[in-house]
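2 protein chains.
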Amino acid sequence: MKPVKVGICGLGTVGSGTFNVLTRNANSIAARTGRPIIVEQIGARRDNPASDTSTTQMTRDIFDVARNPDVDILVELIGGYDVAKELILTAIEHGKHVVTANKALIAEHGNEIFQAAREKNVVVAYEAAVAGGIPVIKCLREGLSGNQINWLAGIINGTGNFILTEMGDKNRPFEEVLSEAQALGYAEADPTFDVEGIDACHKLTIMAAIAFGIPLNFERAYTEGISRVTPADIQYAEELGYRIKHLGIARQADEGVELRVHPTLIPASRPLANINGVLNSVVINADAVGETMMVGPGAGAEPTASSVVADIMDIARALEAPQTTPNPLGFVENALKSTPVLPIGETLSANYLRIHADDHPGVMNAITQILSDHGINIDAITQKAIRESDGFADIVILTQTIKESTLDKAINKIEGLIDIQAPITRIRVETMA
Amino acid sequence: MKPVKVGICGLGTVGSGTFNVLTRNANSIAARTGRPIIVEQIGARRDNPASDTSTTQMTRDIFDVARNPDVDILVELIGGYDVAKELILTAIEHGKHVVTANKALIAEHGNEIFQAAREKNVVVAYEAAVAGGIPVIKCLREGLSGNQINWLAGIINGTGNFILTEMGDKNRPFEEVLSEAQALGYAEADPTFDVEGIDACHKLTIMAAIAFGIPLNFERAYTEGISRVTPADIQYAEELGYRIKHLGIARQADEGVELRVHPTLIPASRPLANINGVLNSVVINADAVGETMMVGPGAGAEPTASSVVADIMDIARALEAPQTTPNPLGFVENALKSTPVLPIGETLSANYLRIHADDHPGVMNAITQILSDHGINIDAITQKAIRESDGFADIVILTQTIKESTLDKAINKIEGLIDIQAPITRIRVETMA
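Sequence order for the protein chains is A and B.
Those letters in the first sequence? Residues -2 to 430, per my numbering, in order.
Those letters in the second sequence? Residues -2 to 430, per my numbering, in order.
Below is the structure:
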């Protein structure tokens, strides 16, 4: 099948991540899309050692990509305003679809760019512009499209959230944590965009337009940064039952739409209050669904690439007429794999065991001996003091990871001991690693 | 523009919710889709007082809907196996697209249904079948489509999660909480599907097929219920730093795919461990994005309808050639509204104020007098004991909700007091209600 040809402009962190994901996952991407997706050309001022582009056509002039007749989709990952805008408009002019991660450009010049795209009947996609790897644009625009959105609130700048989290956890002032974030690479040398809320406001502007069906209104949004929040404020808020988060909030009020980015106290019991570090999260409150929340990495090479590639695949599927919605399972006909489902006995888990036993001295030893005989290591073992009416007590054991069928055999043996009440309670442990 | 005509089969909780959402939000749905979506016919054994269907064509024979030449999309909300399957296959045979919330049917007979749909080139959509209002199918199938999925884990049965949460919070045994859940309407009279994990396994089967590109494998999945978990297990797990959740887990292992539903210990620090009550949540771990989590209502009339309507809208957009992907902001041309963005002064918030003051007796009174003069009510006021090097101390105030511009005036007055260090720190409070 004829491949879809992508031209990537910009080979920094996200550009390189996008190239790597498209290359590494080429097979499954083709199986899901119905057509191979190949990187036809890369436009970048320099190579990036994080990507092996030795067999890919390179140009130092990104506008070559926008004019390349072989490129179906231009991926703009250079960032900034003027050149990026000219690049995208040139690509649109040449009939190309566009995928971008450029939140600043979409928030401030999106109305004009979308108009140009409409006139040329091409798609401009920008999932990666908001909340990195979290597919929040798709969720708002398609997944919740039947709803009236009441409000949405998001932690949509990882740098700011990292700084507030550290200030609270370690009782350290803003300037000190900012320096640390800069040293760790979480904050830019000029941190204004992040800590003054401009970056968050770009993302909020985009989400609000989709949520409420209004044009992009960046210049009318209210923005306030986190530099004046002190560790004392975080502490006082905690005593009152709140956490301080730098939120972007969009709300449908009676007289209009509220668009504001500012430090915000939210109840500590709220899941959003517990999203820490560089994570992003968006809560959406809408008339039919009620409330839904998404959490994930808001930045980084491959998380952002995840969204860029999803946009490319959406466009590729749309090009593949008459297949206009994804296949039911997301893979094209005959692409489903015959990977076996493993019998439960073949799976690996750590395990919690609760053994109700007559706790005389030999019992514990007999149990650990059986586990040892089966090669099962113990992470924790506790004999509970509470003797119940039957005179027995609970022994609780956490095993290390072991094959299920091996543990079955050991449990069977233990249940055969005379001082044990069968059946033993066994609950699998998932470390989610 | 020619409307898209929907036929709803089944007018129970979800059917009625779907009718109500389609009717109530008809304007914004048309603005997002580009075509009005109308309910052409309802097939149901009886009317439902929760929906005013007086002007809608009704039939008592659901197969009338499947054969109605005016219906473009059949929405199957009758549940169950045999009749639902025959209904869907009849609709497909008549060239109709199908939307269903029927997890059992898709998990157990989806392979056959998808094959029939492929042959007739129609869409079968089932977002509502997994995790109710959370758009997890769309997220997996499209939003993360560029990734290789490593594993996913979900709390995907609200009844089971409610029971485990209650058992832990109130130290009450399974049977007692189950009875309470039945009385509250959270559990069925026959709770087998929920508490034995069959319902969760249906949903897991569907997610795993999409995640790994394998056929639906319900009969090969491992299922274990929660009826043997005791309050003591929950307590012991807590002492070890874990929570017990009834998880559906799908994992790509070296030799195959693991598919299992069982009670599971997960680290208490994990956000998933803190999803309580009837909420659903799915965590997806994938090669590019890393980890992402979605949270929301897993059942209920309108949350489920939210997903049903989103599916209907996706199909309606696909019918609207050549517009094959949503518009950039999700609304068609000229449908964007001119809703004003409110100036920040016009917005309403509760507020946290930190006032650094020389704490002699008159100061507190002067401050509260100014707030009172401006009609600002106080929720909490604390004078912090810690005198700082300047001899001043912090007074912390939580105000009730007030218009921003009113508070600005009051703050201005307070800052004019001689014993106050300006500026006052003001942070907005969001109760997220």
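We put the beta carbon where it would ideally sit given N, CA and C, even for glycine.
No experiment lies behind these values; they were computed from the predicted model shown.
Item, Value
"For my contact list, F159 (chain B) and A128 (chain B) are in at a C-beta cut-off of 8 Å; report their separation, rounded to the angstrom.", "Contact flag wrong, Cβ pair sits at about 15 Å."
"Under a CB-based cut-off of 9 Å, is P188 (chain B) close to chain A?", "no"
"Using a threshold of 9 Å, state whether the C-beta atoms of Q145 (chain B) and S48 (chain A) are closer than that.", "no"
"Under three-state DSSP, which class holds D376 (chain A)?", "strand"
"Compare the Cα-Cα distances from T379 (chain A) to each of A:T396, A:G413, A:D387, A:G388 and report the closest residue.", "A:T396"
"Measuring straight from C-alpha to C-alpha, what distance separates A313 (chain B) and V95 (chain A)?", "24 Å"
"Residues bridged to S346 (chain B) by DSSP?", "B:I399"
"Whose C-alpha, out of A:L333, A:S51, A:T52, A:G12, is nearest the C-alpha of I59 (chain A)?", "A:G12"
"Identify the contact partners of R57 (chain B) in chain A, using a Cβ-Cβ distance below 7 Å as the criterion.", "Residues of chain A passing the Cβ test: none, with the nearest at roughly 27 Å."
"Suppose contacts are defined by Cβ-Cβ distances below 9 Å. Is T162 (chain A) in contact with N273 (chain A) by that definition?", "yes"
"Check whether the Cβ atoms of A315 (chain B) and V72 (chain B) sit closer than 9 Å, and answer yes or no.", "no"
"Please report how far the alpha carbon of T97 (chain A) lies from the alpha carbon of Y233 (chain B), in whole angstroms.", "50 Å"
"Residues of chain B with CB closer than 9 Å to the CB of V250 (chain A), please, in chain order.", "According to the sequence displayed, residue 250 (chain A) carries Ala and not Val. The contacting residues are L339, E343, T344, L345."
"Flag this pair as touching only if the stretch 164 to 172 of chain B and the stretch 223 to 231 of chain B have three or more C-beta atom pairs under 8 Å; answer yes or no.", "yes"
"Determine whether the beta carbon atoms of E37 (chain B) and D61 (chain B) lie at a separation below 9 Å.", "no"
"Give me, in chain order, the residues of the same chain whose beta-carbon lies closer than 6 Å to that of T422 (chain B); leave out the 5 immediate sequence neighbours on both sides.", "R351"
"Helix or strand or just coil, what does DSSP make of I333 (chain B)?", "The sequence shown places Leu at residue 333 (chain B), rather than the Ile named in the question. Three-state result, L333 (chain B): coil."
"Does DSSP put D49 (chain A) in a helix, in a strand, or in coil?", "coil"
"Name the chain B residues that come within less than 8 Å of Q418 (chain A), Cβ to Cβ?", "The contacting residues do not exist; Q418 (chain A) stays about 13 Å from chain B at best."
"Does N22 (chain A) get closer than 9 Å to chain B when you measure Cβ to Cβ?", "yes"
"Could you name the residues of the stretch 127 to 146 of chain A whose beta carbon sits closer than 7 Å to any beta carbon of chain B, in the order they occur along the chain?", "G130, I131, P132, K135, C136, R138, E139, G140, L141, S142, G143, N144, Q145"
"On the DSSP bridge assignment, give the partners of C6 (chain A) in chain order.", "A:G40, A:E73"
"Between the Cα of A302 (chain B) and the Cα atoms of A:T301, A:P294, A:V286, which residue gives the shortest distance?", "A:V286"
"Fully enclosed by the stretch 143 to 188 of chain B, which alpha helix (DSSP H) runs are 4 residues long or longer?", "155 to 167, 171 to 181"
"Name, please, each residue of chain B whose Cβ falls closer than 7 Å to the Cβ of Y183 (chain A).", "Per Cβ cutoff of 7 Å: no residues; Y183 (chain A) is ~16 Å from chain B at best."
"Could you check if E412 (chain A) is buried or exposed, using at least 16 other CB atoms within 10 Å of its CB as the buried criterion?", "exposed"
"Are there 16 or more other CB atoms within 10 angstroms of the CB of T398 (chain B), so buried, or fewer, so exposed?", "exposed"
"Using 9 Å as the limit for Cβ to Cβ distance, is F209 (chain A) near chain B?", "yes"
"Would you check if there are 3 or more beta carbon pairs closer than 8 Å linking the stretch 386 to 396 of chain B to the stretch 363 to 375 of chain B?", "yes"
"Apart from the five residues on each side of it in sequence, which residues of its chain come closer than 6 Å, Cβ to Cβ, to G107 (chain A)?", "L213"
"Consult DSSP for A307 (chain B) and reduce its assignment to one of helix, strand or coil.", "helix"
"What residue does the beta strand (DSSP E) around N277 (chain A) start on, and which one ends it?", "276 to 283"
"If we call anything under 9 Å between Cβ atoms a contact, is N99 (chain B) one with G130 (chain B)?", "no"
"Using the Cβ count rule (16 or more neighbours within 10 Å means buried), how would you classify A430 (chain A)?", "exposed"
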